[in-house]
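In the working numbering, the protein residues as written are 72 to 670.
Structure follows, in C-alpha cells:
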C-alpha cells in the first residue's frame with residue numbers, strides 16, 4: 072500500500088513540475104495609445120517562460136498599417152529560489168501610415184505545440200503630433216516633441232495637372248534642423264498607374280540651406296523620378312518613407328541636443344511625405360492624325376540611308392532617329408509609306424536614355440532593311456512621325472525628306488525570269504556546259520563516290536548536324552517564349568558587370584559609389600529573378616515575393632541586412648573601411664549565389 076502511495080505522489084509531483092515548466096506569459100505593451108502620424112510608437116512584445124527561449128520563433132503580428140523599424144531583441148535570465156525564468160523582449164518602432172482608429176494585434180506565438188496570443192491594442196492616430204504623454208507615465212521614446220516641425224520628407228512635382236503620357240518630375244527632399252545619421256529608404260512607392268524612370272538617387276546627403284516658413288532648414292535631395300501616367304483620371308502617388316537616427320539623451324527633448332549633437336544615444340524615427348494627387352487629362356480627339364501612336368513630349372526626327380548606290384537585290388539600311396524629351400521607350404516604330412519596288416523588313420529598335428534639363432529623354436533608334444527589286448532611280452518615301460505636344464496642347468507631325476537611291480541592274484535576282492517564261496535556273500543549263508580542252512593530255516579514272524571516305528564521313532556527320540540544328544531551334548524557341556528565363560539570363564550578366572564595377576570602386580576606396588553599385592546589383596538581380604519592376608520592390612514586397620518563391624527566412628533577412636548596410640554607408644557621414652566594404656561585397660555575392668541555386 073505504501074509503495075503504491077509513493078508512486079502516485081511521484082506522478083503527481085512530476086505533473087505539477089511539468090505544468091510549472093510549461094507556464095508561458097506573452098504580453099504586448101505600447102508606450103502610448105494616442106499618437107500623431109509623425110510620432111513613433113514603441114511596441115514591446117514580451118515572452119516569459121521557465122524554458123530557454125533562445126530558439127523561439129518570431130511572433131506573428133499584422134503591422135501593415137505601420138512603417139516598421141526593428142525588432143530590437145533582448146534576452147535576460149533570472150534565478151530566484153532556485154527557480155529560473157527566461158524573458159525575451161522584441162521592441163518595434165512603429166509609425167502609422169494613416170490617421171484614424173487603428174488596431175494593433177493580436178500577436179501570436181507557438182511554443183511546444185501550443186499557441187499563445189496577446190490582447191489587441193486600440194490606437195488613435197491624429198494628424199501631425201499628438202503631444203501626449205506616454206501611456207503608463209514616463210517617456211520611453213526619448214521625447215520627440217515638435218518632431219514633425221523639424222524633420223520631414225516632402226515631394227515636389229513640376230506639375231500636377233497633365234495629359235496621359237506627359238512627363239512629371241518628382242523630387243523627394245529630406246528637410247531637417249538637427250544632426251541626423253543612418254538615413255535609409257524605408258518604403259518606396261510602386262507608382263501604380265505610371266511608367267516610372269529613376270533620374271537620381273542620393274549616395275550621400277548633400278544639403279543646402281533653405282528658408283521654409285521663415286525657418287532655416289537643411290534640405291537634401293533624396294531621389295528624383297520621371298513618371299508618365301498611362302491612363303486619365305485622378306491618380307495618387309503613394310508616400311516615400313525614410314528612417315534615420317535622431318540624437319536624443321534620456322528624457323530631454325531632441326532640440327536640447329543641438330548644443331551637444333554627438334553625446335547621447337540615438338533613436339530611430341520614420342518619416343514619410345504626404346501622398347501626391349495628380350490630375351490626368353485624356354488626350355484630345357480633335358486634330359489627332361492617323362499616324363499618331365501615343366508619343367507625348369517634344370521630339371525631332373532624322374532619317375538617313377546607306378548606301379545610296381546599290382545593285383538590285385542588295386540591302387539598304389534605313390536609320391530613323393527620334394530624339395527629345397519624353398518617354399522614348401514607349402515610342403512605336405514609324406510606319407513606312409507605300410514603298411513600291413522595295414521589300415521592307417521589320418525594324419530593329421534601341422534606346423539611348425539621358426537626363427537633360429532635369430527631365431527624362433534621349434533617342435529612340437529604328438533600323439530598317441530595304442531590298443530594292445528593280446534598277447533605276449528609286450525613292451524611299453518621307454518618314455512621318457506624329458506626337459502630342461503637351462505644352463502647346465496640340466498634335467504635331469514630323470516628316471523627313473525623301474531619299475533618292477540609284478539602283479544598278481535590272482530586276483532583282485529572285486524576281487528575274489528568263490526569256491519565254493522559262494525559269495532562269497533551267498534556261499541557263501546550256502550555259503553551264505564547259506567543252507573539253509584539246510590540250511589536256513589525259514583524264515584520270517573517275518573515283519566512284521560511294522567508295523570515297525569523304526562521302527561516308529559526310530554521311531555520318533549529316534544526322535549529327537540535323538540533331539544539333541533541332542536542339543538549337545528548340546532552345547531558341549524556349550528562350551523566346553520564356554520571358555522569365557530571358558530575365559534570369561540577363562540578370563546573371565548584369566549582376567556580374569555590376570559586381571566587377573563594385574570591385575573596382577572597392578580598390579579605389581570610393582565607399583558611397585561602391586555601396587550604391589552593390590545595392591543596384593542586388594536590386595536589379597531581385598527584380599529580374601522575381602519578374603517585378605525594381606521601382607515597386609519595397610522591403611515588404613521583397614520579403615513577400617521571396618517567401619512566395621520558397622526562399623528561406625534567414626536568406627530573406629540577409630538580403631535586407633545587406634541592402635540596409637548599403638543605405639547606411641551611402642548616407643553615413645564617414646567612409647567605411649576597405650575591410651567593411653569587402654565584407655559587404657562577399658555577403659552580396661553569397662546571397663546572389665544562394666538565390667541562383669534556387670532556380
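Where a beta carbon is used, it is the ideal one built from N, C-alpha and C, also for glycine.
Cβ atoms of residue 309 and residue 240 stay farther apart than 8 Å, at about 17 Å. The C-beta distance from residue 173 to residue 114 rounds to 12 Å, too long to fall under 8 Å, and the pair is not in contact. Contact between residue 141 and residue 638 does not hold, since the beta-carbon distance rounds to 16 Å and is not under 8 Å. Judged by DSSP in its simplified three-state form, residue 250 adopts coil rather than helix or strand.
Here the C-alpha atom of residue 186 lies approximately 10 Å from the C-alpha atom of residue 178. Separation of residue 665 and residue 163 (C-alpha to C-alpha, rounded to the nearest whole angstrom) is 29 Å. Put simply, the region 461–478 touches the region 379–390. At least three CB pairs are less than 8 Å apart. Residue environment analysis places residue 568 among the exposed positions, since fewer than 16 neighbouring C-beta atoms fall within 10 angstroms of its C-beta. Counting along the chain, no beta strand (DSSP E) covers residue 665; the unbroken alpha helix (DSSP H) around it starts and ends at 649–668. DSSP places residue 596 in no beta strand (DSSP E) but in the uninterrupted alpha helix (DSSP H) bounded by 582–601. The beta carbon of residue 230 is closer than 7 Å to those of 239 in its chain, skipping five residues each way along the sequence.
Judged by DSSP in its simplified three-state form, residue 126 adopts coil rather than helix or strand. Selection 453, 181, 148, 109 evaluated against residue 128 yields 181 as nearest (Cα-Cα). Following the DSSP letters along the chain, one finds residue 220 inside the alpha helix (DSSP H) bounded by residues 218–221. Contact fails between the region 219–226 and the region 132–140, because fewer than three Cβ pairs, one in each stretch, are under 8 Å apart. Only residues of its own chain outside the window of five on either side were considered, and among them 274, 576 have a CB closer than 7 Å to the CB of residue 584, listed in chain order.
For residue 615, the enclosing alpha helix (DSSP H) begins and ends at 610–619.
Looking at the backbone, the Cα of residue 357 and that of residue 459 are separated by about 12 Å.
For residue 580, the closest C-alpha among the options 653, 109, 616, 303 is that of 653. DSSP places residue 399 in the helix class (H, G or I) of the three-state scheme. Contact check for residue 300 against residue 251 fails: the beta carbons are separated by 8 Å or more.
C-alpha of residue 586 to C-alpha of residue 433: approximately 28 Å in a straight line. Counting the other CB atoms within 10 Å of its CB gives residue 345 a total below 16, which places it among the exposed residues. Between residue 478 and residue 447, the CB-CB gap stays under 8 Å.
For the pair residue 662 and residue 656, the Cα-to-Cα distance works out to about 10 Å. Counting the other Cβ atoms within 10 Å of the Cβ of residue 285 gives fewer than 16, which makes it exposed.
Counting along the chain, the unbroken beta strand (DSSP E) around residue 95 starts and ends at 95–101. When DSSP states are grouped into helix, strand and coil, residue 572 belongs to the helix group.
Counting the other CB atoms within 10 Å of its CB gives residue 371 a total below 16, which places it among the exposed residues. For residue 354 and residue 397, the gap between their C-alpha atoms comes out near 15 Å. Assignment of residue 443 by DSSP, reduced to helix, strand and coil, places it in the strand class. Assignment of residue 629 by DSSP, reduced to helix, strand and coil, places it in the helix class. Non-local beta-carbon contacts of residue 290 in its own chain, meaning distances under 8 Å to residues more than five positions away in sequence, involve 244, 245, 246, 278, 279, 280, 281, 283 in chain order. Counting only the Cα atoms, residue 640 lies some 14 Å from residue 272. Assignment of residue 136 by DSSP, reduced to helix, strand and coil, places it in the coil class. Here residue 577 carries a helix assignment [DSSP, helix/strand/coil].
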